[in-house]
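Following this note's numbering, the numbering of the sequence shown begins with 13 at its first residue and continues without gaps.
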Amino acid sequence: MKAVLRAGMVLLAGWLTVVCAAGTGQAAPAPPDDRAQTAYLADRLRENPVYISDQFPREVPRSTAPEFAEQARRVGVPTYVLVLPGSSLTASPAGLLAGVHDRLGRPGLYVAVDRSGLAAVETYGVSLPEATDARRATLYELPYDATAREVFRHFVDVLTSGKARQRLDAADAGHDGATRSHEPARLHMTRTDRENQSFVTGLAVTGIPLAALLVTVHVWRRRRALSAPVPAPGGGRPDAAPGVSLRKPAASPPRPPSAAPARRLGRAGLASGPFPLALLIPLTVAALALSGLIAFTASRLFTDTTSGDGSHPTAADMRARADRVADGLRRDPLYIDPESPSALNAADRAGLRARLGSLRVPVLIAAVPTSSGDESGGNPALLAEALHDRLHRDALIVIADPATGSIAPFNHGAPVNGGYLIERPRETYTGGTDLALGSRLDAFLGYVAKSPPAKAGATPYPPEPAADPVQEKALPGLFTGDFRPGLLIGAFLGGLVFGLVALALSLARRLRHRLRPGQLSAAAGGERGDAAGQEAPEAPDRPDPAWLRRTAREEIAALTAALDPADALSAEARRRAWECLDATALLIDGDSDGRMDADTAPADLACAVVLARAGRTAIRRPDAAAQICHRNPLHGAASGRRQIRTAGSGRARSLPVCQACRAVPGPVLRLGTSPRTRHDAYVPYATLPGPLATLADGAGIDQLTRTVREYFGVH
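In structure tokens, the structure reads:
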């Protein structure tokens, strides 16, 4: 009895196991069938060896198929090209190519291209050993913004070069695992790049000309300041009579008695005045011309007008997919995109068609993917509206995306209560849930069947139109957008650059002035110092006119600045300094216009330098010797005497010399007879006419100032 009972329990358990297994097998959905996709793509390649999907015309227009075919013919073997969006590729693009080849049954090179590059490259029945290397080299050599057409052309270039392996090895050197150590330069301009170009152009158009104009004006005023009015004889001196006549013999006309004394140099030795309008106008015109030239040059350099490879979809490209889907919906209320991996198995399709046939309202389902590259710009409402316009029938149009699993219904005149459908569970419409697309579509159709009756004729609000594909890739004009802010900031930066340049020039001038008194005289070959330990200023033995003019300005300016605060000087030191200053004005300002004469002789310039330095010596060291170095008066005050044999005399004379020349006599100062005299034609200063020659006979400072006044007829 127990044995019979045990046998019965075993049979019951076995029967339950079989039932459960059968139930489980019926509940599990069958895997999607991708044979329809490979068959469809094989049929397209049978018609044309290059097939471009109609699902992303904004990125790869179908009208570019002839260009792909032209590149494919360069390979030299039968080449079949599939250009598909990412949503149409399976997890294994190579497996998709294998399935297509099995359906097509033709040998050749099979290439799958998506929007980002070469998805797969396979060969069947042909010998192309470098195909894989060419694919990898293309991946490494091209930047991420390369279009599908550019990727395929580059792949063919590498494949036909015969150096695919070498190029791959070179690319591998700059490739580190999944990253690139050296990213290739981008091929195409973006809107951000164009905005940067506009901004930089605006900066240059105003910043460079403005900075150039301001710096030019500043430099001109500095040069004008360096040639500022020299002190008039007796200017600011208590015992000098105003209106003194300064006249150089047989040269300049006498100064009118009513002429006002020229203004003295300020403490910094600089003078400024208003910039002449006659010079400012042409400079401004030149700055404007420079601005226009910069703008013109920028327009010739930044010539990009589109952010892509120049291909634009035609009207036929933009309506191809909607025409295809609408044609399919005319024959079947459930349209499944044949280019995409199927998200609905045979049981799902049969059940959905049965549901659609039993509904009291017309419902059309288009299981097609949407993306930003399609004609609708990724807006399913625009696709539904396009289908309704082509079908010319009222219906509830449902766009089911097999790639994301989302469901988007749009009522175009069907008697369906839209509010009721909106209130259904959110999981019914959104992808990313545990429910398969077929199950959620079946649930949605169940809600449609249960929806309360509604008046027919309800239509959705018209969606926003998609962006024009040409304007979408068109770059804004160079002189738009950030160009205006660039103009404003450029003006600010131009002023800032001017300020920095002016500061640098000022610092350089101050540094030069500080270093100049301590420079060594190349003529003496060593340091020259006076009794107080002060180093003598620069004193070349063959100074050129430019050096004399520059040094005369600086020394006179320094003497003027030193006289202003010198209130504690003795009467003798003050007298000598002022007489030196007055004498310099007579030497370099013969036409009494308050500025250094352009035709001042080198001997007069050198004499002015000697007097200005002697005046400063009288202020610094009132007890210094009142005589000048006989060998080179530019050395400054004499520190003693030395027996020197002069030219034309058979005996030596005791003449004043500086400390350096007292130890080793330096070269005699040589000057040109005019500002245009060649350097090799300079003569000893004692042979030149003018007051400076008196120093060759050992004359002192006071005698030199008297000689200057007598020479110019001032008593």
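Backbone N, C-alpha and C define an ideal beta-carbon position, used for all residues, glycine too.
Since the structure is predicted, the reported quantities are computational estimates derived from the model, not experimental observations.
Look at residue i and residue j and say whether their C-beta atoms are less than 9 angstroms apart.
| i | j | result |
| --- | --- | --- |
| Leu403 | Pro421 | no |
| Gln67 | Pro481 | no |
| Pro679 | Asn644 | yes |
| Leu683 | Arg496 | no |
| Ser384 | Arg70 | yes |
| Pro4 | Leu368 | In the structure as shown, the chain begins at 13 and stops at 727. Residue 4 is therefore absent and cannot be evaluated. |
| Leu154 | Asp316 | no |
| Leu356 | Ala379 | yes |
| Val95 | Leu121 | no |
| Leu5 | Gly627 | In the structure displayed, the chain extends from 13 to 727; residue 5 sits before or after that span and is not available. |
| Ala638 | Thr596 | no |
| Thr50 | Arg115 | yes |
| Leu598 | Val509 | no |
| Leu571 | Ile631 | yes |
| Leu180 | Ala146 | yes |
| Leu292 | Val229 | yes |
| His647 | Ala672 | yes |
| Thr218 | Gly417 | no |
| Thr326 | Lys485 | no |
| Ala77 | Pro105 | no |
What would DSSP say about residue i, mapped onto helix, strand or coil?
| i | result |
| --- | --- |
| Leu505 | helix |
| Pro557 | helix |
| His642 | coil |
| Leu302 | helix |
| Val217 | helix |
| Glu387 | coil |
| Tyr473 | coil |
| Leu121 | strand |
| Gly545 | Any answer about Gly545 is weak, because its pLDDT of 41 lies below 50 and its placement is not dependable; what the coordinates show is given next. Three-state DSSP puts Gly545 in coil, outside helix and strand. |
| Val95 | strand |
| Leu292 | helix |
| Gly712 | strand |
| Leu23 | Summary for Leu23: the model assigns pLDDT 43, below 50, so the residue's position carries little reliability; its value from the coordinates is reported in the next sentence. Helix. |
| Ala158 | coil |
| Ala649 | strand |
| Tyr441 | coil |
| Phe167 | helix |
Alpha carbon to alpha carbon, what distance is there between residue j and residue i?
| i | j | result |
| --- | --- | --- |
| Asp635 | Leu560 | 28 angstroms |
| Gly493 | Leu499 | 11 angstroms |
| Ala443 | Thr102 | As written in the sequence, residue 443 is Gly, which differs from the Ala given in the question. Their Cα atoms are separated by approximately 18 angstroms. |
| Pro557 | Trp232 | 20 angstroms |
| Phe456 | Ile411 | 12 angstroms |
| Pro273 | Gly602 | Any reading at Pro273 must be qualified, since the residue scores a pLDDT of 35, below 50, and its modelled position is unreliable; no value is offered. |
| Ile419 | Val212 | 47 angstroms |
| Tyr156 | Arg198 | 7 angstroms |
| Asn391 | Ala478 | 8 angstroms |
| Pro61 | Val93 | 6 angstroms |
| Arg336 | Pro350 | 11 angstroms |
| Ser303 | Gln483 | 30 angstroms |
| Ala224 | Pro294 | 13 angstroms |
| Ala615 | Ser311 | 57 angstroms |
| Ala81 | Glu134 | 17 angstroms |
| Ala698 | Arg588 | 24 angstroms |
| Pro97 | Thr309 | 41 angstroms |
How would you write the range of the alpha helix (DSSP H) that residue i sits in, first residue to last?
| i | result |
| --- | --- |
| Tyr459 | 449–462 |
| Thr596 | 583–600 |
| Leu116 | 105–116 |
| Ala132 | No alpha helix (DSSP H) holds Ala132; the beta strand (DSSP E) holding it covers 129–136. |
| Ala183 | 176–185 |
| Val337 | 327–343 |
| Pro703 | Premise fails: Pro703 is in no alpha helix (DSSP H) and is neither H nor E. |
| Pro78 | 77–85 |
What residue range is occupied by the uninterrupted beta strand (DSSP E) comprising residue i?
| i | result |
| --- | --- |
| Pro614 | Element bounds for Pro614: not the beta strand (DSSP E) but the alpha helix (DSSP H), 614–632. |
| Arg347 | Residue identity check: residue 347 is Tyr in the sequence provided, not Arg. Note, Tyr347: beta strand (DSSP E), 346–348. |
By DSSP's criteria, residue i is part of a beta bridge. Which residues make up the other side?
| i | result |
| --- | --- |
| Ile409 | Leu376, Phe422 |
| Ser666 | Gln655 |
| Val428 | For Val428, which the question treats as bridged, DSSP gives no partner whatsoever. |
| Val482 | None, per the DSSP bridge assignment. |
| Val695 | Leu683 |
| Tyr63 | Leu94 |
| Asp126 | Gly129 |
| Ala318 | First, the amino acid is wrong: residue 318 is Thr here, not Ala. Paired residues: Ala486. |
Using only the heavy atoms of the ligand ZN, determine whether one of them is closer than 8 angstroms to the beta carbon of residue i.
| i | result |
| --- | --- |
| Leu356 | In terms of ligand content, the structure shown is empty, and the ligand ZN therefore cannot be addressed. |
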